[in-house]
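>
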Amino acid sequence: MADQPFDRVVVHPRERPSSVDFNTALANMDRTLRDLWAQLIAQPPGDGSATPRVLLPWGFWGEGLKVRPGTVAGTIAVQAGLGYLLDAVDVPRDISSVRGLNDLSSLKPLFLPSDVTFTPAIVGAGLERVDIIEVRPDRYLTDNQSRDRMDPATGVFAPELVAKLLSWDQSSRATVDGTGSINYRTGTAVDTAVTFPVPVPTATAGSVKIAEIHHSAGLGAFTTGRIGDFRRILSPYGQGHASCRLRTSGGAAPFLATVSDIISPPGVTITAAGHVTDVGRCFLYLIAGRSGHDEAEGITGLTGISLTGTAVTTVAGRAGFGTGAATRVRLSAVAADANNVVDLFAAARTSPVRDVYPRGLFVGGVTQPGQMAFFFDVRFFNDAGAAAHGDAYIHLRWRHV
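The numbering used here numbers the first residue of the sequence shown as 12 and each following residue consecutively.
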């Protein structure tokens with residue numbers, strides 16, 4: 012029986028096709044689509060070897076299943092979208108004894124056609140808590156309808172309720188502290204003066220964590236800074252690209268940094284913060300898979316937070332960004348504008364502008380598969396070697412791990 016990708020079941024003229032023919036044909040088309048998907052996202056090994064391309068164990072397209080603050084205060088929403096999880100063991104044939112109803116691809120869709128909303132429990136006075144949201148694929152038969160089926164013993168057709176849909180729709184499978192395919196798992200509330208860091212629940216075997224939600228007493232509404240995005244964001248061949256225009260400005264401390272002309276994949280955030288005291292210095296953040304996590308709180312200001320030394324401690328003592336090596340970008344010796352900005356794009360520039368090669372560090376020096384929050388310490392200098400405000404295009408590239 013044909014059951015490979017791109018195989019087509021042939022129904023001949025005057026042939027009476029069977030249910031096996033139809034089920035097998037549709038199963039093959041489904042498998043072909045998923046195999047094409049796998050070919051698109053599988054990535055080279057990165058060492059130039061002939062090793063076959065690697066298919067990551069799970070991931071999500073763009074902002075699919077991204078966790079955000081809900082539209083109602085105190086709620087959390089999982090955004091509609093698409094992802095996958097690999098399961099080489101779950102490749103059944105003849106599901107529920109229906110011949111030809113096969114699922115032979117190891118790539119299992121994580122499909123959410125509409126948002127799912129949760130209302131987390133409130134945290135008591137003086138306590139903090141970290142919850143997680145975990146997801147897994149769930150294939151199930153549904154949509155019972157009456158159909159005439161033949162009784163093999165009598166040869167008589169009689170009405171019978173049968174499931175007509177094999178579905179991957181997870182919008183009705185959500186639970187709180189349960190076993191649903193989209194499950195909100197409540198953590199343990201602790202007094203951080205006694206217990207720190209706050210304990211984080213472990214994802215259930217077979218599920219992947221897509222978000223952490225950080226609670227504190229008196230919190231009336233969630234912000235993106237309270238939600239850690241732990242999704243691996245997919246990109247063709249596992250290689251991400253983004254670019255932006257980065258500009259520092261300001262006549263007095265704290266100085267400003269702005270990004271514009273951003274070109275990035277859906278779900279990827281680029282933002283920047285000016286240095287508190289240093290002219291022409293700023294901090295550029297590429298957030299892809301940890302959008303709005305605690306380390307990004309206050310990312311547009313950072314006033315009052317020390318940005319010197321070999322490491323940076325951010326809000327509430329949580330792990331911060333290493334400062335890394337300075338990126339020296341020499342600017343042309345054109346006159347600064349009223350905001351003390353040297354414009355690289357002015358026609359009057361007198362010397363070439365060199366490329367920007369920033370060094371990226373993972374948050375807190377700790378990496379987890381697919382979670383990225385790169386931090387770049389960018390410094391601008393003029394041709395005389397003095398620190399000066401600057402303006403440059405920056406191109407960022409990364410590979411998922």
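Virtual Cβ for every residue (Gly too), placed ideally from N, Cα, C.
Give me, in chain order, the residues of the same chain whose beta-carbon lies closer than 7 Å to that of alanine 264; leave out the 5 immediate sequence neighbours on both sides.
Correct list, in chain order: Val287, Thr288.
> Could you tell me the alpha carbon to alpha carbon distance between threonine 280 and proline 212, rounded to whole angstroms?
Answer to the nearest angstrom: the Cα atoms are 26 Å apart.
> Helix, strand or coil for glutamine 15, going by three-state DSSP, please let me know.
Coil, per DSSP.
> Residues in its own chain within less than 7 Å of aspartate 154 by CB, not counting five upstream and five downstream?
The answer, listed in chain order, is Ala174, Lys175, Leu176.
> Whose CA, out of Val20, Asp41, Leu115, Leu44, lies closest to the CA of phenylalanine 33?
Out of Val20, Asp41, Leu115, Leu44, Val20 has the C-alpha closest to the C-alpha of phenylalanine 33.
> Could you compute how far the alpha carbon of asparagine 350 sits from the alpha carbon of threonine 86?
Its pLDDT being 37, under 50, asparagine 350 is placed unreliably in this model, and the value from its coordinates should be taken loosely. Spanning the two alpha carbons is a distance of roughly 42 Å.
> What three-state label does DSSP hand asparagine 113 in the structure shown?
Coil at asparagine 113, not helix or strand.
> Please report the straight-line C-alpha distance between alanine 204 and glycine 300, rounded to a whole angstrom.
Each residue's alpha carbon lies about 30 Å from the other.
> If the criterion is Cβ atoms closer than 9 Å, does the pair proline 73 and glycine 278 meet it?
As written in the sequence, residue 73 is glycine, which differs from the proline given in the question. Contact flag set, yes.
> Are there three or more Cβ pairs, one per stretch, closer than 8 Å when the region 228 to 247 is compared with the region 159 to 173?
Touching, no, given that fewer than three Cβ pairs across the two stretches are closer than 8 Å.
> For the beta strand (DSSP E) containing glutamine 250, list its first residue and its last residue.
Start and end: 250 to 260.
> Tell me the DSSP bridge mates of alanine 185?
Answer is Ile193.
> From alanine 253 to glycine 111, what distance separates their C-alpha atoms?
So the two alpha carbons sit approximately 44 Å from each other.
> For threonine 153, which residues does DSSP report across the bridge?
DSSP, once it has assigned bridges, lists Leu176 as partnering threonine 153.
> Name the DSSP bridge partner or partners of valine 141?
Bridge partners of valine 141: His225.
> Our contact map puts aspartate 149 next to serine 192 with C-beta atoms below 8 Å; I'd like the distance itself, whole angstroms only.
Contact holds; Cβ gap of about 4 Å.
> Give the single residue among Ser271, Leu44, Leu67 whose Cα lies nearest to the Cα of proline 55.
Considering only alpha carbons, the answer is Leu67.
> So valine 127 is in the beta strand (DSSP E); what residue range does that whole segment cover?
Residues 127 to 129.
> Whole angstroms are fine: how far does the CA of proline 24 sit from the CA of arginine 147?
Taking the straight line joining both Cα atoms gives about 43 Å.
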